[in-house]
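Student:
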Amino acid sequence: MDLDGDGKLDLIIGNIDGGVFVVLNEGTAQKPAWGRPQPLKAGGRDIVAEGTRAGPFVADWDGDGKPDLILGCGSGKVVWFRNTGSAQKPQLTLAGTLVEAASGKQMKAGETPTRSGQTAKVWVADWNGDGRPDLIVGDDNNYGNTYRGFVWVYLRERP
């Protein structure tokens, strides 16, 4: 995502405390030189993942040709920040929740989960080839002091 409109891709990173940061490319497209991390903002406020452990991903979620931010949270919640600016000068606005937070309850050994759990890490791709972006979520679930991860696919519903 080019966050400063200079034609060079910048980094979007999340940290264990839930912070989401942009690291601007102060070099060239061929030879990047990374600046200092700066908090990424939406509506003038720092973006912070619910439950810590931010997992940001940039994709055009609404099909308007502009990159949006999809954020996986430590709580298991996945939220979408719509780009209301342009592709060259993004302006992010919280658009909504794509996946609600996990219950946080500890699962019993051998129990089969029915949805994604905590520490959501996201990817967006057209999983089923229907031309619409789908949400892929990696997670972890606590099984009595044993952690197991799963990968979930949330297919977009037809309008």
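Start counting the sequence shown at 4; every next residue gets the next number (our numbering).
Every residue gets a Cβ at the ideal spot worked out from N, C-alpha and C, and that includes glycine.
Note that the structure is a prediction, hence the values are computed from the model and not measured.
#1: Please go through the same chain and pick out, in chain order, the residues whose beta-carbon is closer than 6 Å to the beta-carbon of residue 75, but skip the five residues on each side of it.
#2: Taking just the CA atoms, how far does residue 13 sit from residue 53?
#3: Looking only at C-alpha atoms, which of 156, 87, 106, 96 sits nearest to residue 49?
#4: Return the residue from the list 10, 24, 23 that minimises the CA-CA distance to residue 30.
#5: Do you know whose CA, among 5, 26, 78, 21, lies nearest residue 118's CA?
#6: Quick one: complete beta strand (DSSP E) runs, 3+ long, within the region 29–69?
#7: Ignore the nearest five residues each way along the sequence and tell me which others in residue 36's own chain have a CB closer than 6 Å to its CB.
Tutor: According to the data block:
#1: To locate residue 75, count along the sequence shown from 1; it is residue 72. Take residue 75, set aside five residues on each side of it, and the residues of its chain with a beta-carbon closer than 6 Å to its own are 58, 81, 123, 124, 125, in chain order.
#2: As a first step, residue 53 must be located in the sequence shown, where it is residue number 50. As a first step, residue 13 must be located in the sequence shown, where it is residue number 10. Those two C-alpha atoms are separated by around 24 Å.
#3: Counting from one through the sequence shown, the residue named residue 49 turns up at place 46. Of the listed residues, the one whose Cα sits closest to residue 49 is 96.
#4: Numbered from its first residue, the sequence shown carries residue 30 at position 27. Minimum Cα distance to residue 30 is reached at 10.
#5: Taking the first residue of the sequence shown as 1, we reach residue 118 at position 115. Out of 5, 26, 78, 21, 78 has the C-alpha closest to the C-alpha of residue 118.
#6: Taking only runs of at least 3 residues, the beta strand (DSSP E) segments lying wholly in the region 29–69 are 58–62.
#7: Within the sequence shown, numbered from 1, the residue matching residue 36 stands at position 33. Its chain contains 29, 30 as the residues whose beta carbon lies nearer than 6 Å to that of residue 36, once the 5 sequence neighbours on both sides are disregarded; these appear in chain order.
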